[in-house]
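As you go down the protein sequences, you meet chains G, U, B, D, Z and L in turn. The opening position of the first sequence corresponds to residue 5 in our numbering, with each subsequent residue numbered one higher. The opening position of the second sequence corresponds to residue 5 in our numbering, with each subsequent residue numbered one higher. The opening position of the third sequence corresponds to residue 5 in our numbering, with each subsequent residue numbered one higher. The opening position of the fourth sequence corresponds to residue 245 in our numbering, with each subsequent residue numbered one higher. The opening position of the fifth sequence corresponds to residue 245 in our numbering, with each subsequent residue numbered one higher. The opening position of the sixth sequence corresponds to residue 245 in our numbering, with each subsequent residue numbered one higher. Every residue gets a Cβ at the ideal spot worked out from N, C-alpha and C, and that includes glycine.
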Amino acid sequence: MIEISYVDTLWVLIASSLVFIMHLGFATLESGFTRSKNTVSIIMKNLSTVIVGSLVFFIIGFSIAFSGDGALIGGVNLAFMNGITSAPWGDLALPSNVFFLFQMMFAATAATIVSGAVAERIKFTAYLVICALLVAFIYPTIAHWIWGGGWLAERGFLDFAGSTVVHSVGGWAALASAFVLGPRIGKFSHDGKPLAIAGHDIGLATIGLFLLWVGWFGFNAGSELAVNEMLGTIATTTYLSAVGGGFSALLLTWKRNGKPDTGMTMNGILAGLVAITAPCAFVTPLWAMLIGLVAGVIVVYAVDIIESRFKIDDPVGAISVHGINGLWGTLAVGLFASESGLLTTGSVSQLATQALGAGATFLLVFPLSLIIAYGIDKSMGLRVSETIELRGLDTTEFGADAYPEFVRE
Amino acid sequence: MIEISYVDTLWVLIASSLVFIMHLGFATLESGFTRSKNTVSIIMKNLSTVIVGSLVFFIIGFSIAFSGDGALIGGVNLAFMNGITSAPWGDLALPSNVFFLFQMMFAATAATIVSGAVAERIKFTAYLVICALLVAFIYPTIAHWIWGGGWLAERGFLDFAGSTVVHSVGGWAALASAFVLGPRIGKFSHDGKPLAIAGHDIGLATIGLFLLWVGWFGFNAGSELAVNEMLGTIATTTYLSAVGGGFSALLLTWKRNGKPDTGMTMNGILAGLVAITAPCAFVTPLWAMLIGLVAGVIVVYAVDIIESRFKIDDPVGAISVHGINGLWGTLAVGLFASESGLLTTGSVSQLATQALGAGATFLLVFPLSLIIAYGIDKSMGLRVSETIELRGLDTTEFGADAYPEFVRE
Amino acid sequence: MIEISYVDTLWVLIASSLVFIMHLGFATLESGFTRSKNTVSIIMKNLSTVIVGSLVFFIIGFSIAFSGDGALIGGVNLAFMNGITSAPWGDLALPSNVFFLFQMMFAATAATIVSGAVAERIKFTAYLVICALLVAFIYPTIAHWIWGGGWLAERGFLDFAGSTVVHSVGGWAALASAFVLGPRIGKFSHDGKPLAIAGHDIGLATIGLFLLWVGWFGFNAGSELAVNEMLGTIATTTYLSAVGGGFSALLLTWKRNGKPDTGMTMNGILAGLVAITAPCAFVTPLWAMLIGLVAGVIVVYAVDIIESRFKIDDPVGAISVHGINGLWGTLAVGLFASESGLLTTGSVSQLATQALGAGATFLLVFPLSLIIAYGIDKSMGLRVSETIELRGLDTTEFGADAYPEFVRE
Amino acid sequence: MKKIEAVIRPERLDHVKGALEEMGCLGMTVTEVRGRGSQGGIERQWRGRKYRVDLLPKIKLCIVIEEKQVKAVVDTILESAYTGEIGDGKIFISSVEQVIRVRTKEEEGSHNE
Amino acid sequence: MKKIEAVIRPERLDHVKGALEEMGCLGMTVTEVRGRGSQGGIERQWRGRKYRVDLLPKIKLCIVIEEKQVKAVVDTILESAYTGEIGDGKIFISSVEQVIRVRTKEEEGSHNE
Amino acid sequence: MKKIEAVIRPERLDHVKGALEEMGCLGMTVTEVRGRGSQGGIERQWRGRKYRVDLLPKIKLCIVIEEKQVKAVVDTILESAYTGEIGDGKIFISSVEQVIRVRTKEEEGSHNE
Ligand SMILES: Nc1ncnc2c1ncn2[C@@H]1O[C@H](COP(=O)(O)OP(=O)(O)O)[C@@H](O)[C@H]1O
Ligand SMILES: Nc1ncnc2c1ncn2[C@@H]1O[C@H](COP(=O)(O)OP(=O)(O)O)[C@@H](O)[C@H]1O
Ligand SMILES: Nc1ncnc2c1ncn2[C@@H]1O[C@H](COP(=O)(O)OP(=O)(O)O)[C@@H](O)[C@H]1O
């Protein structure tokens with residue numbers, strides 16, 4: 005049996021904390037980017053993503069992702085943390101329960117991506133169902149394919165920390181849900197032009213942005229699941245890609261609109277982080293910077309196209325940031341990976357595998373999420389009534405105000 | 005002499021940072037849960053808890069807790085960090101000053117618990133006195149009993165990270181102080197029914213909740229004071245209990261009120277964290293989940309009963325979260341500890357010891373805190389005047405507004 | 005070749021994350037301390053400090069600071085991370101890219117200090133230029149002198165974590181920029197008396213304060229660039245000095261004004277942290293406490309004098325906190341360092357060296373920053389128009405409101 | 245000149261504003277207020293306890309116009325602010341003696357020049 | 245119909261509201277305002293420096309009622325808003341020509357139907 | 245007594261307040277409002293997309309004074325609130341029948357005692 009490495013144990017525990025704090029990042033970013041009448045609703049969605057997501061992942065999700073050696077899906081024998089002790093996890097010099105903890109933190113982030121895209125109009129109960137299904141079954145299935153020894157792992161598909169497994173999965177589920185939900189009242193003018201619906205607090209969004217950014221060190225470097233020479237590479241590529249994404253999005257929006265734009269700069273940074281998530285361990289710092297620069301450009305156009313062309317309303321840009329840039333990052337492995345990239349080695353096979361894996365993920369997650377969203381819509385109802393939406397979800401669904409004071413009484 | 009372990013050193017230093025950030029968690033949670041006219045007051049209480057609490061713990065508190073081998077109280081020879089160097093602390097492979105730092109962070113959290121319960125009506129100077137006495141003498145005494153080799157340690161009382169030492173001590177001091185202070189103006193209707201006094205910012209409270217949650221990894225897993233196979237267990241039980249507490253409080257309030265409730269879900273999560281603090285290293289994940297689920301139920305009823313039956317006004321629920329659930333967690337060790345719990349081994353002796361320790365703690369802390377509160381009341385005054393309370397403590401005691409702008413000038 | 009230490013690697017990576025989160029600390033502290041009409045502007049400055057600062061440090065700054073062995077300036081051969089791999093950095097058991105990452109986080113903090121002092125009236129483009137020049141050339145030059153093997157390092161100048169390199173550099177650049185900019189409209193009465201211009205959110209400032217405080221563990225203890233017996237000393241002195249600074253500033257303002265003051269208590273804590281940054285590894289806890297206590301007094305008077313005597317408007321107190329207390333901390337090494345301080349060893353030579361280094365730094369940074377500020381003023385313009393300043397920079401320069409809602413629509 | 249003060253539901257503001265715009269009534273001053281009327285208040289919860297809020301968020305529109313336009317404006321507001329549920333709001337009409345535009349320093353007789 | 249506008253201390257709002265409720269006066273519109281009167285302003289401090297704030301937070305109640313009820317309402321406000329210290333506030337009374345309820349589109353003569 | 249309601253630019257408040265202070269006009273009630281006039285609205289951007297805001301932040305001053313002082317006060321406001329750009333604001337003057345001071349419970353004829 006492998007001996008536990010204490011330094012690895014410590015790192016993965018700390019990385020779990022860093023990933024965990026991303027939930028606060030999502031909660032504050034999404035709250036800041038939406039209207040105050042829906043703040044309690046956003047926060048309750050984020051809180052229950054953590055609660056319900058963790059619960060179902062504990063019950064069944066982890067087992068589906070990481071037990072057994074099926075090509076398509078894992079088994080049930082690790083359900084309820086059955087057999088997960090402080091003994092090493094497989095070949096890792098890491099206690100199994102530390103591995104479990106890290107994975108549990110990861111799992112819930114996929115669902116939280118959806119919460120941003122469906123904000124300000126989804127029923128709380130409907131969201132709970134989507135979240136539970138996503139974290140219990142859909143995310144674990146893809147995780148099994150890619151990280152759990154499934155068919156994509158077999159084929160050499162590379163997704164270091166989850167551009168596909170976490171971000172694209174969350175992004176495509178967000179796309180499907182936002183599509184079925186339809187846009188918020190007032191999002192499109194009568195002639196179908198997208199209108200801006202400003203959020204309510206840039207400071208809150210800033211807190212979110214920085215917490216997500218710092219959490220990404222845990223997300224990406226933590227995915228090494230050990231402390232070794234790779235950590236510095238991963239952390240540096242991660243950071244530089246974020247810088248690149250912020251830089252190009254800042255400049256591009258400035259050029260397009262005549263003024264620099266805070267929200268889009270934030271989206272650019274996040275796009276850079278999502279894009280580097282798959283290739284962070286495989287590329288050089290310079291390629292990382294390029295991946296980020298491209299991500300920042302992609303996100304600016306993607307946000308626009310998704311609204312203007314596809315008439316899909318995504319209040320925080322989750323589909324563009326996580327879905328599209330998750331895809332970009334996944335392909336970027338095939339382009340720039342030092343040992344297998346098209347531009348670095350001239351070989352196209354890695355890129356093909358990456359495209360296959362990204363495509364397969366889309367083909368599983370998107371239709372399934374559509375079915376779930378439609379199913380909920382037809383049964384319990386997916387969207388709140390017009391009156392509730394206009395009044396805000398906080399007072400209606402939760403009987404609460406995020407800022408309950410009128411007078412400083 | 006034991007050799008210093010660098011990985012242990014690193015971990016306890018990081019855990020100290022995590023515990024430290026809990027002070028920001030308390031500051032924001034308490035601010036969000038109270039009215040904006042008292043926000044500066046809350047923040048000043050939290051800031052000075054850290055400042056004054058650390059100062060008195062440095063001067064005398066640490067020595068009382070951890071020097072000498074008296075059954076009831078430590079000595080004074082470690083006052084002012086006298087002799088605390090980077091040499092190992094006792095049997096630990098840890099520099100003494102790192103041990104000291106971690107303990108200093110812990111100590112101030114006990115006082116901070118009080119600050120929530122006495123919010124919106126206590127005099128700043130009165131709070132400073134309570135805080136100083138609590139961190140200089142009361143907390144160190146209990147810490148000595150249980151962690152410093154005192155009589156409860158001798159008897160095998162188990163409180164891994166402080167359900168009793170930190171949380172019940174803070175909770176009972178909060179209970180005594182809130183009792184002597186009396187309720188805020190407007191808390192009870194003319195016929196004595198408790199009324200809700202809404203806070204002012206759910207987003208701020210959310211920041212607090214998540215920071216406390218992540219800080220708890222440092223609090224509980226840091227209390228191992230080393231990196232070893234236990235860390236994964238501790239972190240996992242801690243996390244799952246929080247999930248359990250949030251889940252049951254969410255569902256229970258939903259059922260009782262017809263709508264899910266953000267504030268109580270947060271209280272439920274914190275209750276789960278407090279309850280698992282004593283047993284986190286001794287129980288299995290499943291028991292941890294159960295401890296949390298029960299904690300979430302306890303907190304819902306405790307908050308209600310303390311207000312409705314005992315007419316005590318606790319603006320943030322500190323007594324229920326920390327006092328009552330600290331007690332529950334302490335007893336839970338006696339019920340579920342793998343090696344000595346009643347339900348796991350059939351032996352009742354651990355449970356008896358736990359009850360004894362919890363009872364003794366209450367019997368020391370509660371009367372002493374009552375005496376202190378009454379003493380302050382009779383001498384310098386405990387509570388602000390009615391006018392000050394109505395106008396808010398910020399402008400009156402601090403000459404400041406938390407949100408000084410009227411117009412965005 | 006030295007073997008990489010995994011525990012050192014891990015620590016410096018985590019310390020980098022802690023230093024990184026200080027950028028959120030600066031953003032929130034500065035936002036809270038200024039008016040809401042300039043919040044987007046503050047946040048954009050902080051975001052682009054990270055983006056642009058990191059970019060230019062990646063391109064050239066790092067190389068200037070840490071390559072070659074020139075007495076005055078480094079070379080260009082490490083530009084674009086050229087040759088920075090996971091091989092050990094010099095004598096350190098640390099991957100070069102981890103060392104690079106840590107230094108990159110540091111570099112941007114110097115620029116961010118300026119952003120507070122020039123808030124509410126500087127042009128965004130002007131700030132970008134100052135930030136880029138500071139992080140690309142000025143900061144790296146001083147870093148080379150002191151940490152990169154330059155002439156001050158040769159002479160035994162001691163600045164453990166950057167009281168001079170980071171804080172004084174930032175502070176003197178802030179002084180020059182604020183001087184050239186001139187005060188905000190309304191800062192001085194017609195007869196030249198300084199008036200208070202209140203900020204807009206104490207809660208936001210509190211978040212900033214605590215994040216900076218916790219980040220300082222990474223800043224100071226991380227500068228050891230290894231895990232060893234020193235960490236506990238560094239962390240403890242750092243913490244105690246902050247406590248001292250907060251304590252004396254709290255009491256002093258309370259005595260001067262009749263009421264305790266939140267903002268100045270925060271400035272006191274930060275002053276304590278800045279002051280201990282140079283001596284943290286060289287002094288005992290008791291001296292650290294004293295250094296902090298003095299820093300808290302210095303900051304109270306410095307803030308007053310800079311406004312009243314020099315008529316310089318520094319909205320957040322950056323010059324006093326970072327500049328003046330950076331100087332105090334640098335001299336404090338010469339006074340209290342266990343092995344070379346005047347009061348501890350009777351020898352004056354260390355103090356003389358410290359004074360020399362601090363003076364030389366001032367003589368480079370201040371005039372250069374003056375020239376830059378004047379140059380910008382004459383060419384592209386340094387300050388926004390009066391109308392823009394009155395309306396706020398957010399709507400004018402960025403076409404955005406930090407709190408875009410009127411009605412909770 | 246007459247002053248029309250209309251207290252309406254916040255969520256109807258966009259609609260009312262649009263309707264007024266269509267009929268060419270542009271000038272207005274809007275205030276965020278709280279109001280109580282026959283609508284008895286609503287229930288909220290806070291940390292698990294329910295409570296009544298009797299002052300509900302409303303929007304007050306203030307429109308100063310010539311007398312002859314009053315009826316049209318009032319009708320438009322009545323139409324566009326209406327939901328039929330308690331809490332739809334009230335309109336108060338009073339007299340204004342003088343209206344002066346700061347930019348031109350001229351007195352106005354008509355609000356839409 | 246008459247319009248009573250009362251500027252009072254924020255901390256008296258609950259009390260005034262309660263007193264009006266007892267006498268059956270329910271309808272009102274409340275606005276958060278800042279005011280200056282003979283109360284010269286108050287001192288605050290910011291990062292150690294004192295400064296004067298001359299516009300102090302106040303609450304404006306606006307109550308539109310029939311003429312015959314004016315005295316009773318004004319007396320109730322005078323009573324319940326009173327503390328005796330500078331800054332207690334002022335009451336302004338003016339005329340309203342028409343009151344229309346949006347929900348019913350009917351003109352009102354009496355504010356408590 | 246007359247009521248002067250002046251809607252001005254937020255950034256002119258300090259200036260107007262100062263000017264009124266100099267001429268001895270102290271009493272006033274200030275409200276944060278949003279307004280639309282001939283100023284057609286302004287452009288903002290949000291996450292890269294531009295949008296129009298047509299209700300712009302304004303400040304409403306309300307000053308109740310004796311008739312004979314109206315002209316002086318209005319002139320002062322016209323002067324101090326003026327920038328010459330669209331959006332400078334408007335002044336509305338109407339009648340107030342009664343003014344009562346809460347602290348003294350006495351009716352006032354003059355607002356500056
Ligand atoms: N007598 C009054 N004086 C001043 N404002 C009033 C009065 N009556 C109603 N209002 C305002 O009108 C709003 C709507 O009145 P309400 O009676 O609830 O409407 P509805 O007639 O639809 O029930 C109230 O919230 C309040 O702001
Ligand atoms: N002339 C005025 N015009 C408009 N509002 C006024 C006037 N005088 C006083 N107020 C309002 O009344 C409030 C209380 O007035 P103040 O003179 O301070 O009360 P007191 O009479 O108790 O001293 C002020 O804050 C302001 O809002
Ligand atoms: N008819 C009106 N009724 C009520 N308020 C008005 C009216 N016209 C203008 N206002 C107020 O006056 C403000 C300034 O008006 P505006 O026409 O923009 O000024 P200017 O005359 O300088 O163009 C508006 O924002 C609005 O608050």
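inquiry  = Using only CA atoms, which one of Ala130(B), Ala19(B), Thr53(B) and Thr145(B) lies nearest to Gly65(B)?
reply    = Position 61 of the third sequence, counted from the first residue, corresponds to residue 65(B). Selected option, being the one with the closest Cα: Thr145(B).
inquiry  = So Lys304(D) and Thr348(Z) are supposed to be a Cβ contact under 8 Å. How far apart are they, rounded?
reply    = Within the fourth sequence, the letter at position 60 stands for residue 304(D). Within the fifth sequence, the letter at position 104 stands for residue 348(Z). At roughly 19 Å, the Cβ-Cβ gap does not stay under 8 Å, so Lys304(D) and Thr348(Z) are not in contact.
inquiry  = Using 8 Å as the cut-off, can you tell me whether the stretch 125-140 of chain B makes contact with the stretch 53-60 of chain B, which would need three or more C-beta pairs spanning the two stretches below that distance?
reply    = yes
Rounded straight-line distance, which links the Cα of Val173(B) to that of Ser181(B) = In the third sequence, the residue the question calls residue 181(B) occupies position 177. In the third sequence, the residue the question calls residue 173(B) occupies position 169. Taking the straight line joining both Cα atoms gives about 12 Å.
task = Put Trp93(B) into one of helix, strand or coil per three-state DSSP.
result = As a working mapping, residue 93(B) is identified with position 89 in the third sequence. In this structure, Trp93(B) counts as coil in the three-state DSSP scheme.
message = Whether or not the stretch 127-135 of chain U and the stretch 192-206 of chain U are in contact is what I'm after, with contact meaning three or more pairs of Cβ atoms, one per stretch, closer than 8 Å; do they touch?
response = no
request  = Pull up the distance between the alpha-carbon of Ile344(Z) and that of Leu322(D), whole angstroms please.
outcome  = As a working mapping, residue 344(Z) is identified with position 100 in the fifth sequence. As a working mapping, residue 322(D) is identified with position 78 in the fourth sequence. Each residue's alpha carbon lies about 9 Å from the other.
request  = Could you pull out every residue in the same chain whose Cβ sits closer than 8 Å to the Cβ of Leu300(D), ignoring the five residues on either side in sequence?
outcome  = Stepping through the fourth sequence from its first residue, residue 300(D) is reached at position 56. Answer for Leu300(D): Arg278, Gly279, Arg280, Gln283, Gly285, Ile286 and Gly331, listed in chain order.
key: Beta-carbon neighbours of Ala404(B), restricted to chain L and to distances below 9 Å   = Along the third sequence, read from residue 1 onward, the residue named residue 404(B) stands at position 400. Correct list: Arg288, Gln289 and Trp290.
task = Pick out whichever of Asp319(Z), Leu270(Z), Val260(Z) and Gly292(Z) has its Cα sitting closest to the Cα of Ser312(B).
result = In the third sequence, counting from the first residue as 1, residue 312(B) sits at position 308. When only C-alpha atoms are compared, the closest one is Gly292(Z).
key: Within-9 Å CB hit, Ala83(U) to chain G   = If you number the second sequence from 1, residue 83(U) lands on position 79. Chain G, which has no Cβ nearer than 9 Å to the Cβ of Ala83(U), makes this no.
ask   = Which word fits Phe161(B), buried or exposed, when buried means at least 16 other C-beta atoms lie within 10 angstroms of its C-beta?
value = Position 157 of the third sequence holds residue 161(B). Buried, by the Cβ-count rule.
ask   = Does DSSP put Gly279(Z) in a helix, a strand or coil?
value = Within the fifth sequence, the letter at position 35 stands for residue 279(Z). Here Gly279(Z) sits in strand by DSSP.
key: Residues in the stretch 203-222 of chain U having any Cβ partner in chain B nearer than 8 Å   = Asp205, Leu208 and Ile211
query = Mind checking whether Glu329(Z) and Met245(Z) have CB atoms under 9 Å apart?
reply = Counting from 1 along the fifth sequence, the entry for residue 329(Z) is found at position 85. Counting from 1 along the fifth sequence, the entry for residue 245(Z) is found at position 1. The answer is no: Cβ separation not under 9 Å.
ask   = At a cut of 8 Å, does the stretch 182-193 of chain B reach the stretch 110-129 of chain B through at least three beta carbon pairs?
value = yes
task = Starting from Ile286(L), follow the beta strand (DSSP E) in both directions and report where the run begins and ends.
result = Your numbering for residue 286(L) matches position 42 in the sixth sequence. Segment Ile286 to Trp290, the beta strand (DSSP E) holding Ile286(L).
request  = Could you tell me the boundaries of the alpha helix (DSSP H) in which Ser339(D) lies?
outcome  = In the fourth sequence, counting from the first residue as 1, residue 339(D) sits at position 95. Element bounds for Ser339(D): not the alpha helix (DSSP H) but the beta strand (DSSP E), Lys334 to Ser339.
message = What residue range does the alpha helix (DSSP H) around Lys197(U) cover?
response = For this step, residue 197(U) is matched to residue 193 along the second sequence. That residue, Lys197(U), is in no alpha helix (DSSP H); it is neither H nor E in DSSP.
query = For Thr43(U) and chain D, any beta-carbon pair shorter than 9 Å?
reply = To locate residue 43(U), count along the second sequence from 1; it is residue 39. Cβ-Cβ to chain D under 9 Å: no for Thr43(U).
inquiry  = Using a Cβ-based criterion (distance less than 8 Å to any ligand heavy atom), does Leu300(Z) qualify as near ligand 2?
reply    = Position 56 of the fifth sequence holds residue 300(Z). Correct: Leu300(Z) has its Cβ closer than 8 Å to ligand 2.
ask   = If you check the beta carbons only, do Ala114(B) and Phe214(G) fall under 9 Å apart?
value = For the purposes of this step, residue 114(B) is taken as residue 110 along the third sequence, with counting starting at 1. For the purposes of this step, residue 214(G) is taken as residue 210 along the first sequence, with counting starting at 1. No, Cβ-Cβ distance for Ala114(B) and Phe214(G) is not below 9 Å.
request  = For Tyr10(U), name the three-state secondary structure that DSSP assigns.
outcome  = Within the second sequence, numbered from 1, the residue matching residue 10(U) stands at position 6. Tyr10(U) falls in the helix class under three-state DSSP.
inquiry  = Once the 5 residues before and after Val388(G) are set aside, which same chain residues still bring their CB inside 8 Å of it?
reply    = Here residue 388(G) refers to the residue found at position 384 of the first sequence. Within the same chain, Val388(G) has close Cβ partners Arg125, Ile126, Lys127, Leu397, Thr400 and Glu401.
ask   = Should Cys306(D) go down as buried or exposed, given a rule of 16 or more other Cβ atoms within 10 Å for buried?
value = Against the fourth sequence, residue 306(D) aligns to sequence position 62. So Cys306(D) counts as buried.
task = Please report how far the alpha carbon of Ala282(G) lies from the alpha carbon of Gly363(G), in whole angstroms.
result = Position 278 of the first sequence, counted from the start, is the residue given in the question as residue 282(G). Position 359 of the first sequence, counted from the start, is the residue given in the question as residue 363(G). Ala282(G) and Gly363(G): Cα-Cα distance of roughly 15 Å.
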